[in-house]
Every structure is written in C-alpha cells, then in structure tokens.
Ligand code: ADP
Ligand code: MG
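In the working numbering, the protein residues as written are 1405 to 1537.
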C-alpha cells in the first residue's frame, strides 16, 4: 500500500483505529523518519485522543487515555538493555483495555502475543511511503 503524504499516513492510522479490537499490539518497523510516530498520531486521533502524540524516544513510553481504554506508545530506539521497561511492557500487554504500539521493538519482540500486528513502513526515493502488513 502506498502512502503519498503525511496527511495520508494520519488517515491510515485513523482507519486502523476503527478496525482494532482491544487488546491490540502493533509493532512498527521502519527507519528513522519513515513515519512510525506519524502513524501513531493518526491512530490516536482515530481513537478520539485529543492530546498531541509526540515521540516517546526520551521517556521510552507514553500513555494516552481514550474512552474505553488506553494507548501506550513505546520507542526502544538505541536502548541496549530494555531492563525495567520490558517489565513495564509485560504488564501493559496483560491489560485487556490497552492498545500497545512499539517502535524499535528489537529485543522485546519475544514478549509480544501471537496476534501482534506488524506494520512495516519503508521510505521510497520519491518521498512516498510503502506500508506492508
Ligand atoms: P519515525 O517515527 O518513523 O522516526 P516520524 O513519524 O517521527 O518517523 O517522522 C516522519 C516525518 O516524515 C515527519 O516529519 C512527516 O511529516 C514526514 N513525512 C513526509 N511524508 C510522509 C508520509 N508519506 N508518511 C509519513 N510521514 C511523512
Ligand atoms: Mg518515531
């Protein structure tokens, strides 16, 4: 699937939000700048979250409430030892009211349930993105 603009990526995230059933786990795969956080922003909008979604790179996780649940957004970029954060992630994954989105899952993919959705975003030479599910 081809995504031609940031607006289309937000729309894709919003559409995805409508199709999800709780609990859900989404692993986002793609280079820096591919659009993983932008997708998550669209997802949050689709869930009715009005708070702006920003990259959790420094805090590693960010949580946003929406009616009926919680979106938890992780980014394990350059975190060599997920340590305590992987324990937090495990607890989050046990919560039935949660949508968990993970960027740079690296060493924690073993914690993911079988029904985890893997979304790969690749950046094309013309600036568009290609999404593979
Ligand atoms: P990541 O989280 O994968 O590192 P971000 O979502 O933070 O990436 O950044 C993607 C950047 O690329 C944003 O500045 C966004 O505006 C820009 N961009 C341009 N075109 C697209 C597109 N088609 N899809 C997503 N982002 C795009
Ligand atoms: Mg990001």
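Backbone N, C-alpha and C define an ideal beta-carbon position, used for all residues, glycine too.
Predicted, not measured: the structure shown is a model, and the values here were computed from it.
Check, Outcome
"Have a look at 1489, 1443, 1476 and flag the residue whose alpha-carbon is nearest the alpha-carbon of residue 1524.", "1443"
"To which residues of the same chain is residue 1470 closer than 6 Å at the C-beta, ignoring the five residues directly before and after it?", "1451, 1452, 1453"
"Would you call residue 1420 buried or exposed, if buried means 16 or more other Cβ atoms sit within 10 Å of its Cβ?", "buried"
"Going by the beta-carbon positions, is the gap between residue 1520 and residue 1526 smaller than 8 Å?", "no"
"What ranges does the beta strand (DSSP E) occupy inside the stretch 1479-1525, keeping only unbroken runs of at least 3 residues that lie completely in it?", "1502-1507"
"Could you check if residue 1438 belongs to the surroundings of the ligand ADP, using beta carbon to heavy atom distance under 7 Å?", "yes"
"For the ligand MG, any of its heavy atoms closer than 7 Å to the Cβ of residue 1479?", "yes"
"What are the start and end residues of each continuous alpha helix (DSSP H) run of 4 or more residues lying completely inside the stretch 1436-1464, in chain order?", "1440-1451"
"Assuming residue 1414 is part of the beta strand (DSSP E), what are its boundary residues?", "Counting along the chain, residue 1414 falls outside any beta strand (DSSP E), though it belongs to the alpha helix (DSSP H) covering 1410-1423."
"With a threshold of 6 Å on Cβ separation, who are the neighbours of residue 1418 within its own chain once the five nearest residues in sequence on each side are excluded?", "1446, 1449, 1450"
"Exposed or buried, which one is residue 1422 when buried takes at least 16 other CB atoms within 10 Å?", "exposed"
"When the Cα of residue 1522 is compared with those of 1529, 1481, 1510, 1408, which residue comes out closest?", "1510"
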